[in-house]
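Position 269, counted from 1, in the sequence shown is what my numbering calls 329; the numbers after and before it change by one each time, with no gaps.
This report refers to the structure that appears directly beneath it.
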Amino acid sequence: MTRLTLAVDAMGGDFGPCVTVPASLQALASHTNLVLLLVGDPDIISSFLAKADSSLLGRVQVIPAESVIASDAKPSQAIRNSRGSSMRVALELVKEGNAQACISAGNTGALMGLAKMLLKPLDGIERPALMTVLPHQHQGKTVVLDLGANVESDSDMLVQFAIMGAVMAEEVLEIDRPRVALLNIGQEETKGLETIRTASAVLRETPQINYIGYLEGNDLLTGKTDVLVCDGFVGNVTLKTMEGVVRMFLSLLKSSEDGKKRAWWLKWVGRWLQKRLAKRFGHLNPDQYNGACLLGLRVTVIKSHGAANQRAFAVAIEQAEQAVRRQVPERIAARLDAVLARSDKA
Numbered sequence: 061m062t063r064l065t066l067a068v069d070a071m072g073g074d075f076g077p078c079v080t081v082p083a084s085l086q087a088l089a090s091h092t093n094l095v096l097l098l099v100g101d102p103d104i105i106s107s108f109l110a111k112a113d114s115s116l117l118g119r120v121q122v123i124p125a126e127s128v129i130a131s132d133a134k135p136s137q138a139i140r141n142s143r144g145s146s147m148r149v150a151l152e153l154v155k156e157g158n159a160q161a162c163i164s165a166g167n168t169g170a171l172m173g174l175a176k177m178l179l180k181p182l183d184g185i186e187r188p189a190l191m192t193v194l195p196h197q198h199q200g201k202t203v204v205l206d207l208g209a210n211v212e213s214d215s216d217m218l219v220q221f222a223i224m225g226a227v228m229a230e231e232v233l234e235i236d237r238p239r240v241a242l243l244n245i246g247q248e249e250t251k252g253l254e255t256i257r258t259a260s261a262v263l264r265e266t267p268q269i270n271y272i273g274y275l276e277g278n279d280l281l282t283g284k285t286d287v288l289v290c291d292g293f294v295g296n297v298t299l300k301t302m303e304g305v306v307r308m309f310l311s312l313l314k315s316s317e318d319g320k321k322r323a324w325w326l327k328w329v330g331r332w333l334q335k336r337l338a339k340r341f342g343h344l345n346p347d348q349y350n351g352a353c354l355l356g357l358r359v360t361v362i363k364s365h366g367a368a369n370q371r372a373f374a375v376a377i378e379q380a381e382q383a384v385r386r387q388v389p390e391r392i393a394a395r396l397d398a399v400l401a402r403s404d405k406a
């Protein structure tokens, strides 16, 4: 297998190098053909590499950057002042062909703007969309987009998201003719905003897409669809609400001592039940699916949660590795060409 080089914005996110560098070493240990370019303050990054295994250090290169884009910075201002920042340098490494993908836990708006400016969207894509793959109750997975890259999306953008999501489901989840649905407030055709209804009409007439209609928010984890499409505002609120509920549920499964004496058999039953529930629902832990792919660009860019821990950031790196090896941008471009060619003939 050929070597794959990824650029990591090591300074981005809530925790910076204390998470990104150990996570990078973890990813290197799991993928022997991976090379990582860690972008940021060399002194800080090197301090977290000091005790790393020498076999891993041979596949790490530290790339200096002068500054860090603040997580709470206004995107337009952050982009204007981005020269020399770890995020921009990481993206420039991809633009120049020195890396095949970029991973950052930094400012979402700045990453979206810089990626679009430096790396350019695919022909036929107005704006990229943030996409993630969520587990559902039948142990399968569902592609969901947009998750916040575009607060408002017109009908054309929703159709583009559907096409990109379908390709992702086919290439990464290996689902033949994935089912595609639009997130709406009801399943009736008359429900929802005009943009959703217009997108629905277009998708029904697009044979390359296996469109099944509308689904409501309570179907997010049911496995009724393989691709769920929505605008960025709705998607972001939906995802974070779901993650909050899942984290709360999983925290309730952890053993807690309330100081009260219990019969030994009650303690045993409680621990057995906690283990069974944790095993049954542990796959819903948000740390296991961290990393939203910015679909619609000519190359792969992965946005990690800003508050990601080491395990979660390593998952984001693995997502980038998988997307590059599966040639997701190239396959999306080919599908867009087929759909657009048919539209021109029609």
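Note that CB positions come from ideal geometry on N, CA and C, so glycine has one too.
Query, Result
"C-alpha distance - residue 148 paired with residue 174, whole-angstrom precision", "7 Å"
"Nearest-angstrom Cα separation, counted from residue 73 out to residue 371", "14 Å"
"CA-to-CA distance, residue 110 to residue 396, given in whole angstroms", "46 Å"
"Neighbour-count burial assignment, residue 162, 16 or more Cβ in a 10 Å radius", "buried"
"Per-residue DSSP class, three states only, for residue 124", "strand"
"Three-pair Cβ contact test at 8 Å for the region 85-104 versus the region 180-197", "no"
"Within-8 Å CB hit, residue 283 to chain B", "Looking at the structure shown, chain B is missing, and only one protein chain is on hand."
"Host alpha helix (DSSP H) of residue 193 (start-end)", "Run containing residue 193: none in the alpha helix (DSSP H); it sits in the beta strand (DSSP E), 189-195."
"Residue span of the alpha helix (DSSP H) that contains residue 272, given as start and end", "Premise fails: residue 272 lies in the beta strand (DSSP E), 270-275, not in any alpha helix (DSSP H)."
"Alpha-carbon spacing of residue 269 relative to residue 398, whole angstroms", "11 Å"
"Where residue 300 sits in the DSSP three-state scheme", "helix"
"Whether residue 358 touches residue 180 by CB criterion (8 Å)", "yes"
"Collapsed DSSP secondary structure at residue 282 in the structure displayed", "coil"
"Terminal residues of the alpha helix (DSSP H) in which residue 260 lies", "254-264"
"Three-way DSSP call (helix, strand, coil) for residue 164 in this model", "strand"
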